[in-house]
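Engineer: The structure is given below, and queries will be raised subsequently.
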Ligand SMILES: Nc1ncnc2c1ncn2[C@@H]1O[C@H](COP(=O)(O)OP(=O)(O)OP(=O)(O)O)[C@@H](O)[C@H]1O
Ligand code: SF4
Ligand SMILES: [Mg+2]
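Residue numbers (our numbering), protein chains in the order written: chain A, 92 to 415; chain R, 30 to 368.
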């Protein structure tokens, strides 16, 4: 177990190293991306450019630059942005993490619950009007663009009906730290949670339904029915329990991607200064230190999520447990 | 409970499926009855409706396109059309079933112990510990080595034979009055087959269960069964005591099945003998006797549907005159002897 864990950690470091190198190289290979020109500003003289290059270490060989940047990112942690002079990259990312985590964790709770309920009910009532209604609703949920849904939610709760009793509780856009005001934190996030979760509830509901319907055709379901344990138990304890494998895989990957910055649109619409927004801004301004920091952070979460999925499998599926 | 009442009475059981090509009959008018502690063997070619008959008895045909009619009375209680809750009181408790493929018959994510415990606790209010103890005893009784640790194994950690033993242990966990076994050994290798069949044969003595045993192995039927049903194209074409049926089969299909080898003595006919031709497609059932297209003795009368008839508990569905049938059979057998 320990060796498996260690080799897994080693893999993780390797993947993150690879991703950071690729991000670094893409940056330097991008035409017109000479950072010294951006840093120095438009119409800067040749001497200024040389000066800037030297100041930021951009005249050193690439491997040295990479190593320097990693050193300042991980060890001295004083890497500063190329764009917003003096802005320290590491603290900026660290500040954004709780915002993204709050958003994604809350939405994940909603979509797991919603996906389970929709999937199980639709799977169990296959072919009935209830099943059809749920599937149409989830198809709509999957198709609605998240930024549009967010804008509509904002329109309704922030302006149109903000003064009505229904939505007067909604705080202005932005994040309220949990440590400062837990209730405010909740109120500020509950609409973004639902907005982000809508797509995934639809997606997970549909996938789980399909998976349950497939599982319920299996031989072991017939065995379970022949035992006289009741259809509800057959469904939950045998059908759903066996169907969870696909569900968990999807969840791990989606969760990792969202925490890694995939919740960008939701963050932008609701004015949440999360990692997604940070990455987006850094990419637009080609702010290499910030890009490297956010990309490494994102890869960490994606790899981490994979790891957690694998561990979860060990609990969910005994066949995987023995395969190690 | 009166002992003269049969354990199970199946009357005019029909199973058909709605398909694109119309309604196809998989089981047509199957009737038989079973006494307590009786072992009945069911034989017939693939597709003759054996599995569907057994599944219909327990209401286990889940296809939404299936139509099941007729009557299945278990200890006087009608099972067809019974509410799920009432049916669940019978399933697993009074009637248990063993399926063909042990590799897929157990839920992969639960230990075999938990699957047995689940069944016990669904029918009896016993503690988990007591149920677990019983699961271990059952696993021991069906010959699973080191049952104490086997109880915590997952299905994939056991071999096919061991899994089938676990399935049998589960089936026996509530002392069912009737055990339905659908080709319990087909998926297993030969040595294991013999052990499992021996185990099933012993059930009557150990657990007092009646058994319906579907198998392709005529030798097994010859050894284990009291009575035999021969099915063809969804119907029972012959029914009789094992001795009668093996000695003097009445139906031309059975003649082909059993060949000319006397199965009570000498070498076992391991598999059903191949009969020239193939069973009719369900969607293109011939008029009259379904065996007609393959039957050497087909005549005008066979354009109608023969019904099961005969004396002394030995019945067959064939229009040939009762007397003289054995002579016909012998001529056929003589003809079939390889040159
Ligand atoms: N859902 C279904 N729709 C249509 N036809 C079906 C369906 N299920 C079973 N059948 C048909 O019912 C017939 C009887 O099948 P059954 O499984 O009872 O045969 P069997 O005697 O058990 O054969 P085997 O020895 O191969 O197990 C088969 O021809 C099969 O094709
Ligand atoms: S009824 Fe006719 S066709 Fe059918 S088995 Fe008897 S003789 Fe053959
Ligand atoms: Mg079958």
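Glycine included, every Cβ here is placed at the ideal spot set by N, Cα and C.
The structure presented is a predicted model; accordingly, all values stated were derived computationally and were not measured.
So what's residue 56 of chain R in DSSP terms, helix, strand or just coil?
Structural biologist: strand
Engineer: Looking at ligand 4, does it come within less than 7 Å of residue 287 of chain R, judged from the CB to the closest heavy atom?
Structural biologist: For ligand 4, the structure offers nothing, since it holds only ligand 1, ligand 2 and ligand 3.
Engineer: Could you compute how far the alpha carbon of residue 328 of chain R sits from the alpha carbon of residue 264 of chain R?
Structural biologist: For residue 328 of chain R and residue 264 of chain R, the distance between alpha carbons rounds to 20 Å.
Engineer: Can you tell me the Cα-Cα spacing of residue 294 of chain R and residue 268 of chain R, whole angstroms?
Structural biologist: With a pLDDT of 49 at residue 294 of chain R, under the threshold of 50, the modelled position of that residue is not reliable, and the figure given next carries that caveat. Cα to Cα, residue 294 of chain R sits roughly 21 Å from residue 268 of chain R.
Engineer: As an exercise, report each continuous alpha helix (DSSP H) stretch of at least 4 residues that is fully enclosed by the stretch 154-230 of chain A, in chain order.
Structural biologist: 180-215
Engineer: With residue 256 of chain R as the anchor, note down where its beta strand (DSSP E) starts and where it stops.
Structural biologist: Annotation for residue 256 of chain R: the continuous beta strand (DSSP E) segment containing it runs 256-261.
Engineer: Taking all protein chains shown into account, decide if residue 95 of chain A is buried (16 or more other Cβ within 10 angstroms of its Cβ) or exposed.
Structural biologist: Burial call: exposed.
Engineer: Residue 327 of chain R: beta carbon under 7 Å from a heavy atom of ligand 2?
Structural biologist: A heavy atom of ligand 2 is found nearer than 7 Å to the CB of residue 327 of chain R.
Engineer: What residues match up with residue 40 of chain R in a beta bridge as DSSP calls it?
Structural biologist: R:100
Engineer: Rounding to the nearest angstrom, what Cα-Cα distance links residue 194 of chain R and residue 172 of chain R in this structure?
Structural biologist: Cα to Cα, residue 194 of chain R sits roughly 7 Å from residue 172 of chain R.
Engineer: Pull up the distance between the alpha-carbon of residue 290 of chain R and that of residue 359 of chain R, whole angstroms please.
Structural biologist: Only weak support exists for where residue 290 of chain R lies, its pLDDT of 45 falling under 50; the value from the coordinates is given anyway. Answer to the nearest angstrom: the Cα atoms are 11 Å apart.
Engineer: Can you name the start and end residues of the beta strand (DSSP E) that residue 280 of chain A belongs to?
Structural biologist: Not the beta strand (DSSP E): residue 280 of chain A falls in the alpha helix (DSSP H), residues 273-306.
Engineer: Counting pairs of Cβ atoms below 8 Å between the stretch 182-197 of chain R and the stretch 224-234 of chain R, do you hit three or more?
Structural biologist: yes
Engineer: Quick one: Cα of residue 219 of chain R to Cα of residue 346 of chain A, how far?
Structural biologist: Distance between the alpha carbons of residue 219 of chain R and residue 346 of chain A is about 50 Å.
Engineer: Residues of chain A with a CB under 7 Å from the CB of residue 136 of chain R: which are they?
Structural biologist: Per Cβ cutoff of 7 Å: 311, 315, 329 and 333.
Engineer: Just checking: is the beta-carbon of residue 318 of chain A within a distance shorter than 8 Å of some beta-carbon in chain R?
Structural biologist: yes
Engineer: Using beta carbons (cut-off 8 Å, strictly below), is residue 133 of chain R in contact with chain A?
Structural biologist: Residue 133 of chain R counts as touching chain A.
Engineer: Using the C-alpha atoms, what's the distance from residue 180 of chain A back to residue 172 of chain A?
Structural biologist: 6 Å
Engineer: Taking C-beta pairs closer than 8 Å, name the residues in chain A that residue 111 of chain R reaches, listed in chain order.
Structural biologist: By Cβ distance, chain A contributes nothing, its closest Cβ being about 12 Å from residue 111 of chain R, past 8 Å.
Engineer: Going by beta carbon distance, what residues of the same chain come within less than 7 Å of residue 289 of chain A, once the five residues before and after it are set aside?
Structural biologist: 232, 235 and 240
Engineer: Mind checking who residue 48 of chain R pairs with in its DSSP beta bridge?
Structural biologist: R:51
Engineer: Do residue 211 of chain R and ligand 3 come close, with the Cβ less than 7 Å from some heavy atom?
Structural biologist: yes
Engineer: What's the gap between the Cα of residue 299 of chain R and the Cα of residue 56 of chain R?
Structural biologist: Confidence at residue 299 of chain R is low in this model, with a pLDDT of 49, below 50, so its placement is unreliable and the value that follows should be read with caution. If you take the alpha carbons of residue 299 of chain R and residue 56 of chain R, they lie about 26 Å apart.
Engineer: Alpha carbon to alpha carbon, what distance is there between residue 232 of chain R and residue 201 of chain R?
Structural biologist: So the two alpha carbons sit approximately 9 Å from each other.
Engineer: Should residue 327 of chain A go down as buried or exposed, given a rule of 16 or more other Cβ atoms within 10 Å for buried?
Structural biologist: Exposed, because fewer than 16 other Cβ atoms sit within 10 Å of the Cβ of residue 327 of chain A.
Engineer: Can you pull the chain R residues whose beta carbon is under 9 Å from the beta carbon of residue 322 of chain A, in chain order?
Structural biologist: 113 and 117
Engineer: Inspect the beta-carbon positions of residue 254 of chain R and residue 69 of chain R and report whether they are closer than 8 Å.
Structural biologist: yes
Engineer: Do residue 260 of chain R and residue 78 of chain R have their beta-carbon atoms positioned less than 8 Å apart in this structure?
Structural biologist: Their beta carbons are under 8 Å apart, which means residue 78 of chain R touches residue 260 of chain R by this criterion.
Engineer: If the criterion is Cβ atoms closer than 8 Å, does the pair residue 104 of chain R and residue 36 of chain R meet it?
Structural biologist: yes
Engineer: Using the beta-carbon of each residue, which ones in chain A are nearer than 7 Å to residue 152 of chain R?
Structural biologist: 319
Engineer: CA-CA distance, residue 103 of chain A and residue 119 of chain A?
Structural biologist: The alpha-carbon of residue 103 of chain A is positioned some 25 Å away from that of residue 119 of chain A.
Engineer: Quick check: is the beta carbon of residue 211 of chain R nearer than 8 Å to any beta carbon in chain A?
Structural biologist: no
Engineer: Give a yes or no on whether the minimum CB-CB distance between residue 147 of chain R and chain A is below 8 Å.
Structural biologist: At least one chain A Cβ lies under 8 Å of residue 147 of chain R.
Engineer: Run the proximity test for residue 25 of chain R: is its beta-carbon closer than 7 Å to any non-hydrogen atom belonging to ligand 2?
Structural biologist: Residue 25 of chain R lies beyond the stretch modelled for chain R, which goes from 30 to 368, so this question has no answer here.
Engineer: Give the straight-line distance between the Cα atoms of residue 23 of chain R and residue 341 of chain R, rounded to the nearest whole angstrom.
Structural biologist: Because chain R is modelled from 30 through 368, residue 23 of chain R falls outside the range shown and cannot be assessed.
Engineer: Measuring only between beta-carbons, confirm whether residue 122 of chain R sits less than 8 Å from chain A.
Structural biologist: yes
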